[in-house]
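Report on one structure; see the data block that follows.
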Amino acid sequence: MPILLDQIVIQTINGIVTGMILALVASGLTLIFGIMDVVNFAHGELFMLGAYVGVTTIVATGSFWLALLVATVVIGLLGAIIQVTTLRPLLGRDPLTTILATFGLSLVLQNYALWQFGPVARKIPEPFTGHFSLFYLDYPWYRLVIAGLSAAIIGALWLFLKFGTYGIWIRATTQDRVMASAMGIPVPWVHTAVFAIGAGMAAASGVLFGPLVGVNHAMGLDWVLKAFIVVVVGGMGNLGGSIAAAIFVSLLEAYASLWVSPAQAVIVSFVVLILTLLFRPTGLFVPTPK
Amino acid sequence: MSGGASPATPLVTVEGIHTYYGKSHILHGVSLEVGPGEVVGLLGRNGVGKSTTLKTVMGLVRPSQGEVRYEGGTITGLAPHRLARLGIGYVPEDRRIFRLLTVMENLRTGLDRTGVDDQRKQALLDKVYQYFPVLADRRNQAGGTLSGGEQQMLAIARAMMLEPKIILLDEPTEGLMPRMVTQIRQIIEALHREGVAILLVEQNVPLTLEACQRIYLMEKGMVRHQATAAALRADAAVIHQYMGV
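Protein chains in written order, with numbering that gives the first Met the number 0: chain A, 0 to 289; chain B, 0 to 244.
See the structure below:
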């Protein structure tokens with residue numbers, strides 16, 4: 000089957016849309032890893048719970064945008080609570096303990112969602128249903144809005160990290176936790192805040208992505224797996240690298256699905272992951288190791 | 000201070016601290032005092048526990064026994080960020096510049112505190128830029144791109160942003176060329192004139208004898224001898240015994 004230009008354009012747009020959502024999930028994950036060396040296996044569940052909080056808010060108020068805001072804040076607070084109660088006591092221990100703790104959390108949160116919301120997928124309605132024609136397709140505007148909003152959120156995070164006092168605190172703590180503390184930066188609270196920010200961003204992605212897939216208790220699994228691939232490919236803890244890798248991997252998958260089914264296209268991500276680990280273990284998008 | 004006696008109310012008192020790294024016993028009951036505005040040296044060979052003493056004062060390692068007091072109150076076990084806010088500045092041996100932060104951002108880690116208005120911030124910056132003009136030239140450059148000597152200046156300037164009452168200064172001249180050593184010497188003097196106390200760990204004996212009023216000599220995790228700098232200048236044998244020079 001010959002590949003046509005229109006298919007390539009469509010898949011490029013699809014790839015960028017998925018890539019931006021993935022970047023939003025992955026940037027929280029990489030920020031958390033970078034600053035406290037915690038591999039957060041519960042990140043997908045924060046994404047999923049965010050979507051559920053979104054569903055609940057929409058049912059109650061009918062407003063998608065309010066749902067986005069409420070989910071971000073509520074899950075951000077939940078993230079802060081999780082960090083203080085579960086991860087803070089483990090700081091400085093073997094990384095395995097935090098992996099086990101967050102993995103345990105993910106099981107708890109997933110089963111909580113199953114118990115609370117049941118096995119039937121909920122639907123978040125698209126905030127607007129307009130389409131534009133893209134070759135033979137009616138392409139929903141909403142998908143482009145997702146990409147734009149994700150980019151805006153990531154951009155805001157970048158500005159915050161780059162110019163704010165708290166952004167400097169976060170970057171200083173990421174680079175040297177001990178020296179940051181000796182400079183008077185309240186490192187334990189910086190960790191809590193970063194975890195909350197990461198959780199809030201995961202929740203926002205859950206709400207944004209909800210209309211495309213339907214919300215269920217296991218929706219976090221696929222995403223967290225892909226987010227992990229992206230974080231490793233982009234260089235652990237490297238924010239810019241993760242964003243680039245999210246778009247790169249999503250584009251590759253989108254193009255691959257021109258030939259094979261989308262389910263098989265996932266293989267491409269793993270191939271990229273394995274090649275990265277073999278040849279550039281510090282990450283594809285890291286110019287020089289720190 | 001010429002008599003060598005400690006002032007009535009010491010700024011920092013370390014009393015009988017024992018510190019372990021895992022199972023190795025590093026400090027075996029170190030006691031010392033630094034008075035307000037006093038420059039005190041801590042001499043000894045490599046591995047006798049000088050840096051560990053500073054780290055214990057800064058709260059970076061917790062002593063298993065003993066007490067650290069600051070302005071009369073006990074601070075043992077307080078988190079380092081609390082101690083920094085109380086007025087203890089720390090300049091570590093390996094400088095530990097935030098390499099990916101610019102010079103200005105490095106300074107801001109200590110400058111952006113609550114209760115410091117913009118005018119006072121600017122005055123503090125002006126002061127360190129006057130001491131270290133090179134930092135003003137490089138304020139937008141990443142800390143990691145500075146030379147060793149410039150990084151040392153940045154580390155000291157960064158600690159000064161906290162407006163500390165005491166600076167713990169760990170081997171500031173290590174690996175620096177002589178011109179830089181002179182400059183560090185002048186900075187210590189300037190800080191002393193401002194009334195900032197300094198606890199200086201050094202291998203450079205002549206510099207320590209010149210810069211300090213009182214000196215503690217350490218061996219095997221203990222303070223073995225203390226004297227005024229003037230007395231030690233006159234008694235090369237003691238220095239030879241503890242430093243091998």
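All residues carry an ideal CB built from backbone N, CA and C; glycine is no exception. The structure displayed is predicted, hence computed values, not measured ones.
Chain B residues whose Cβ lies nearer than 9 Å to that of residue i
i: A/Asp-93; result: Going along chain B, no residue has its Cβ under 9 Å from A/Asp-93, so there is no contact; the nearest lies around 14 Å.
i: A/Asp-5; result: Residues of chain B passing the Cβ test: none, with the nearest at roughly 43 Å.
i: A/Val-186; result: Ala-78, Pro-79 and His-80
i: A/Asp-175; result: Arg-95, Ile-96, Phe-97 and Arg-98
Buried versus exposed call for residue i [16 or more other C-beta atoms within 10 Å across all chains shown]
i: A/Gly-154; result: exposed
i: B/Glu-37; result: buried
i: A/Ser-105; result: buried
i: A/Pro-139; result: buried
i: B/Pro-132; result: exposed
i: A/Gly-240; result: buried
i: B/Arg-137; result: buried
i: B/Asp-169; result: buried
i: A/Leu-3; result: exposed
i: A/Lys-122; result: exposed
i: B/Leu-216; result: buried
i: A/Ile-273; result: exposed
i: A/His-190; result: buried
i: A/Gly-14; result: buried
i: B/Ala-228; result: buried
i: A/Asn-110; result: exposed
i: B/Gln-121; result: exposed
i: A/Ile-184; result: buried
i: A/Gln-174; result: buried
i: A/Ile-246; result: buried
i: B/Gly-243; result: exposed
i: B/His-239; result: exposed
i: A/Trp-64; result: exposed
i: A/Ala-79; result: buried
i: A/Phe-134; result: exposed
i: B/Gly-71; result: exposed
Contact set between residue i and chain B, taken where Cβ atoms lie within less than 7 Å
i: A/Gly-183; result: His-80, Ala-83, Arg-84, Gly-109, Arg-112 and Leu-161
Neighbour list for residue i in chain B, Cβ cutoff strictly below 8 Å
i: A/Arg-170; result: Phe-97, Leu-99, Leu-100 and Glu-104
i: A/Thr-164; result: Arg-107 and Asp-111
i: A/Ile-167; result: Leu-100, Glu-104, Arg-107, Thr-108 and Asp-111
Contact check, residue i vs residue j, beta carbons under 8 Å
i: B/Leu-206; j: B/Val-180; result: yes
i: A/Val-38; j: A/Thr-101; result: yes
i: B/Val-127; j: B/Ala-83; result: no
i: A/Thr-29; j: A/Met-235; result: yes
i: A/Leu-257; j: A/Val-267; result: no
i: A/Phe-40; j: A/Ile-98; result: yes
i: B/Gly-86; j: B/Ile-16; result: no
i: A/Ile-145; j: A/Ile-20; result: yes
i: B/Ile-166; j: B/Val-90; result: yes
i: A/Gly-43; j: A/Ala-70; result: no
i: B/Met-159; j: B/Gly-88; result: yes
i: A/Phe-284; j: A/Asn-237; result: yes
i: B/Thr-52; j: B/Leu-10; result: no
i: B/Thr-267; j: B/Thr-55; result: Nothing can be reported for residue 267 of chain B: it is not among the residues displayed for chain B, which extend from 0 to 244.
i: A/Met-200; j: A/Ile-169; result: no
i: A/Ala-181; j: B/Met-152; result: no
i: A/Leu-90; j: A/Thr-96; result: no
i: A/Met-47; j: A/Ala-112; result: yes
i: B/Leu-31; j: B/Val-204; result: no
i: B/Val-60; j: B/Glu-218; result: no
i: B/Arg-213; j: B/Gln-225; result: yes
Per-residue contacts from residue i into chain A (C-beta, under 9 Å)
i: B/Tyr-89; result: Met-178, Ala-181 and Met-182
i: B/Arg-248; result: In the structure displayed, chain B extends from 0 to 244; residue 248 of chain B sits before or after that span and is not available.
Amino acids of chain A, ordered along the chain, whose beta-carbon sits closer than 8 Å to that of residue i
i: B/Arg-157; result: Met-182
Near the ligand ADP: residue i beta-carbon under 7 Å from a heavy atom
i: B/Leu-145; result: In the structure on display, the ligand ADP does not appear, and there are no ligands present to speak of.
- [ ] Could you run through the stretch 67-83 of chain A and flag, in chain order, every residue whose CB is less than 9 Å away from some CB of chain B?
- [x] none
If contact means a Cβ-Cβ distance below 9 Å, which residues of the stretch 8-27 of chain B contact chain A? none
message: Please identify, using Cβ separations under 7 Å, the residues of the stretch 54-65 of chain B that lie next to chain A, in order along the chain.
response: Met-57 and Leu-59
Go through the stretch 17-50 of chain B residue by residue and report every complete run of the beta strand (DSSP E) that reaches 3 residues or more, in order. 23-33 and 38-42
Contained alpha helix (DSSP H) runs [length at least 4] in the stretch 201-282 of chain A, N- to C-terminal order = 218-233, 238-255 and 261-278
| message | Quick check on the DSSP output: what are the complete alpha helix (DSSP H) runs of length 4 or more inside the stretch 15-85 of chain A, in order along the chain? | response | 42-60 and 63-81
(request) Please specify which runs of the beta strand (DSSP E), each continuous and at least 3 residues long, are wholly inside the stretch 79-150 of chain B, giving them in chain order. (result) 87-90
### Task
Give, in chain order, every unbroken run of the beta strand (DSSP E) that is at least 3 residues long and sits entirely within the stretch 160-200 of chain B.
165-169
- Only counting runs of 3 or more residues, tell me where the beta strand (DSSP E) segments fall wholly within the stretch 127-181 of chain A, in order along the chain. 130-133 and 136-139
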